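S.K.: If you read the sequences in order, they're chains A and B. Going by full-length UniProt numbering, 122 is the number at position 122 of the first sequence; the sequence numbering is gapless. Going by full-length UniProt numbering, 237 is the number at position 237 of the second sequence; the sequence numbering is gapless. All C-beta atoms in this analysis are idealised placements derived from N, C-alpha and C, irrespective of residue type, glycine included. The structure presented is a predicted model; accordingly, all values stated were derived computationally and were not measured. Please find one structure pasted underneath; my questions will follow.
Protein chains: 2
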Amino acid sequence: MNTRDLAYFYQLIRQKSFSKVADYFHVTQPTITMALKRLEADYGTKLIQRDRVHNQLTVTATGQQLLTHAEAILNELTVARQEITRLTQQQTVLALPPIIETHYFPQIAAQLQAHQQLENIRTIEGGSVTLRQALRNGEADIALLGSTAQLSYQQLLAQEFDRQPFTIFVSRQHPLANRHHIAFSDLRHEHFILFTDDFVHNAAFNQLTRRNHFRPDVVYRANDTHVIMNLVAANVGITFLTSIADQHRNDMVRLTLTDDEQPEFIASIVYRTTHVLTPAQQQVLAVLTQTLGR
Amino acid sequence: MNTRDLAYFYQLIRQKSFSKVADYFHVTQPTITMALKRLEADYGTKLIQRDRVHNQLTVTATGQQLLTHAEAILNELTVARQEITRLTQQQTVLALPPIIETHYFPQIAAQLQAHQQLENIRTIEGGSVTLRQALRNGEADIALLGSTAQLSYQQLLAQEFDRQPFTIFVSRQHPLANRHHIAFSDLRHEHFILFTDDFVHNAAFNQLTRRNHFRPDVVYRANDTHVIMNLVAANVGITFLTSIADQHRNDMVRLTLTDDEQPEFIASIVYRTTHVLTPAQQQVLAVLTQTLGR
DNA sequence: CTCTATTATAAAATATATTTATGTAACGGT
DNA sequence: ACCGTTACATAAATATATTTTATAATAGAG
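Listed below in structure tokens is the structure:
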């Protein structure tokens, strides 16, 4: 069976129009009709109900079933292609959230350079959710991800290398600036500057607000640590970050949380179970585990 | 891309011979050569190293990488075909280990009959490992599986419905027959009749022998509860089963284990996350959860 | 009732895969 | 060293599959 037919089928269900799918793939319309006919004949079942009365395409039960497998297959194909391209180009794509990049990457980079591996590394940045997706669909080979619970996903292998508490940063002008410790519940009436939704910080933060029964006043969300830090320094609000985000600035103060059961920032090395690591990638992984490892 | 090429490629790596693979698929040998050439051209890399000096085929790094995806894709295809066939035939294949079948199936069957669903059910039997595999490769739609830990597998959704302790069965003639309770360590010198390796009982049993530091004397292994029970009744040895295996025979006695941390037999309803359930299968699942559910 | 948008069908054209026939390389036996 | 055998590669011919072109069918909008 030709996987092109599955691609046509997948798009047909997404776009619900034979002619649009034909345009999408730069083929003529009967091609799509024929592809669907082939699939239907092959599986001996109607996959799509052509309802010309209401000008709508509905997916039958068997069509629905085939769709889930078509998606899986098409994903495998794109991942395979990307992996092989990178293998032949001797490239490793490392996915890092900005906080991890700022804190851990300098050490990693030094070690990688010592092993002549730095030139084969390309990094991509983003929140944990985006990066996990990038890892899964083959855009990245190895990821360093933050999480609040031990990572365990289908198809992904995670290896924890660090754990950090979350802390509060306030401006030196802030009333709390002379405290060293604080309970999260005492922050009930503060303004918060936080990361955008994609980051694990929010999972941890939401956990704490839920546990302390308050709705936080989030005044701004950014996806860059420096932006957040600058806003905090300007006393626009306070923020909630890991202690590794500490930039040792003298216009800011870090407060330790005194809460009993605190969420932790767990940093892990993650890669696909199906991914066959090249010697170079194995070396990168070894450098990562040695540099970061416990 | 044609998935046939992936099938050729997969078999080529398994059989390490172009001509054997050609025979296997009832095609001529150049077909396999060409298929591999297509894949290599498509991915722009050598996938298999033809070493005619040592008459061996070795898989390159990129070949290895493609292989993992080829396997996944071929599996998706067979699962899709089986699922769709069963969907069109309105059939549901239920996988059950014999212990679960004997104990729970009568109730389930009665309920299924009441919902006119029994005629659409086909059951397959086997040990938990075999059945989990059958579920994963699409031979079964829904499984009732025993396990010692909460089931959690890639692609499979498990829903626990019962927990039972493991117990010891001895013949009425056996010296221990008048006891009601016993510590596992006191069984150090007994002869055991057990299930074959495929069953969860062995995982639990091994856990207990390891914890009590002894190598059990296993005199016979069978994969049928009745065979085991008859051997126990004949005092050939004692056995280790769940209490639900109790056949209320008067030539046998059940002993409860007094150990502190005992493994438990956890019975779960399991199905593929990718599987789209038909109304009929949903009904079967509903009957199962209602009949068995907690 | 006609025009337009959308899908289906049939035949022709094109692309792709397989077979047949043959070549090449390496090995083992004599 | 020569010959037969095994195993894979190559090229041309053939078979099969897919796509296009041209056109029909169907239904909705105006």
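Quickly, what does DSSP pair B/N2 with across the bridge? List them, please.
M.R.: A/N2
S.K.: For A/R221, name the three-state secondary structure that DSSP assigns.
M.R.: strand
S.K.: Please list, in chain order, the chain A residues whose beta carbon lies closer than 7 Å to that of B/Y10.
M.R.: The premise fails here: B/Y10 is roughly 13 Å from chain A at the closest Cβ pair, so nothing lies under 7 Å.
S.K.: Quick one: complete beta strand (DSSP E) runs, 3+ long, within the region 131-192 of chain A?
M.R.: Taking only runs of at least 3 residues, the beta strand (DSSP E) segments lying wholly in the region 131-192 of chain A are 142-147, 156-171.
S.K.: Using the Cβ count rule (16 or more neighbours within 10 Å means buried), how would you classify B/R132?
M.R.: buried
S.K.: My assumption, with CB atoms under 8 Å, is that A/T258 sits in contact with A/A183. Please give the rounded CB distance.
M.R.: About 5 Å; that satisfies the 8 Å criterion.
S.K.: Taking the DSSP output, what are the residues bridged to A/I124?
M.R.: A/A95
S.K.: Hey, is A/V170's beta-carbon within less than 9 Å of any beta-carbon in chain B?
M.R.: no
S.K.: Flag A/H69 as yes if its beta-carbon sits less than 9 Å from any beta-carbon of chain B, otherwise no.
M.R.: yes
S.K.: Name the DSSP beta bridge partners of B/I238, please?
M.R.: B/F192
S.K.: By the criterion of Cβ-Cβ separation under 9 Å, what are the contact partners of B/I13 in chain A?
M.R.: The premise fails here: B/I13 is roughly 13 Å from chain A at the closest Cβ pair, so nothing lies under 9 Å.
S.K.: Look at the alpha carbon of B/R163 and the alpha carbon of A/N223, and state the distance between them as a whole number of angstroms.
M.R.: 47 Å
S.K.: Counting only Cβ pairs nearer than 7 Å, list the residues of chain A close to B/R45.
M.R.: Reading off the sequence, residue 45 of chain B comes out as Thr, not Arg. Chain A residues near B/T45: I84, T88.
S.K.: So, at 6 Å on beta carbons, what are the nonlocal neighbours of A/L288 in its own chain, with the 5 sequence-adjacent residues on each side left out?
M.R.: Counting only residues of its own chain and dropping the five nearest sequence neighbours on each side, A/L288 has a CB closer than 6 Å to the CB of I269.
S.K.: Report the residue from B/Q290, B/L292, B/Q281, B/T291 whose alpha carbon sits nearest the alpha carbon of B/I84.
M.R.: B/Q281
S.K.: Would you mind sorting A/A204 into buried or exposed? The rule is 16 or more other CB atoms within 10 Å of its CB.
M.R.: buried
S.K.: Taking 9 Å as the threshold (C-beta atoms), are A/L241 and A/L144 in contact?
M.R.: no
S.K.: Out of curiosity, what's the CA-to-CA distance linking B/L157 and B/S147?
M.R.: 14 Å
S.K.: What do you get for A/A35, buried or exposed, if any count of 16 or more other CB atoms within 10 angstroms of its CB means buried?
M.R.: Buried: at least 16 other Cβ atoms inside 10 Å.
S.K.: Taking the DSSP output, what are the residues bridged to B/D51?
M.R.: B/Q56
S.K.: Where does residue 310 of chain A fall in DSSP's three states?
M.R.: Nothing can be reported for residue 310 of chain A, as the shown portion of chain A is limited to 1 through 294.
S.K.: Can you tell me the Cα-Cα spacing of B/E160 and A/V218, whole angstroms?
M.R.: 41 Å
S.K.: Mind checking the region 196-225 of chain A against chain B and listing, in chain order, the residues whose C-beta falls within less than 7 Å of any C-beta there?
M.R.: none
S.K.: By the DSSP assignment, the beta strand (DSSP E) with B/V270 in it spans what residues?
M.R.: 264-272
S.K.: Would a C-beta distance cut-off of 9 Å place B/I266 and B/G237 closer than the cut-off?
M.R.: no
S.K.: Quick one: using the 10 Å Cβ neighbour count with 16 as the cut-off for buried, is A/H69 buried or exposed?
M.R.: buried
S.K.: For A/A134, I'd like the list of residues in its chain whose CB is within less than 6 Å of its CB, leaving aside the five on either flank, ordered along the chain.
M.R.: A95, A140
S.K.: Mark A/S171 as exposed unless 16 or more other C-beta atoms lie within 10 angstroms of its C-beta, in which case mark it buried.
M.R.: buried
S.K.: Of all the residues that make up the region 141-173 of chain B, which are near chain A by a beta-carbon distance shorter than 8 Å?
M.R.: Residues are counted here when their Cβ sits less than 8 Å from a Cβ of chain A; for the region 141-173 of chain B these are Q154, Q155, given in chain order.
S.K.: What is the rounded straight-line gap between the Cα of B/H191 and the Cα of B/L231?
M.R.: 11 Å
S.K.: Whose Cβ in chain B lies nearer than 7 Å to the Cβ of A/V276?
M.R.: A61, Q64, Q65, T68
S.K.: Does the beta-carbon of A/Y10, which I'm using as the reference point, lie nearer than 8 Å to any heavy atom of the ligand ADP?
M.R.: Only the bare structure without any ligand can be found here, which leaves the ligand ADP out of the picture.
S.K.: Mind pulling the chain B residues with CB within less than 7 Å of A/T3?
M.R.: Within 7 Å Cβ-Cβ: M1, T3.
S.K.: Could you tell me whether the region 71-81 of chain B touches the region 60-78 of chain A, where touching means 3 or more Cβ pairs closer than 8 Å?
M.R.: yes
S.K.: May I ask you to report which of helix, strand or coil DSSP gives B/L36?
M.R.: B/L36: helix per DSSP, three-state reduction.
S.K.: Within the continuous alpha helix (DSSP H) that includes B/I46, where are the two ends?
M.R.: With the sequence shown as reference, residue 46 of chain B is identified as Lys, and Ile is not the correct amino acid for it. That residue, B/K46, is in no alpha helix (DSSP H); it is neither H nor E in DSSP.
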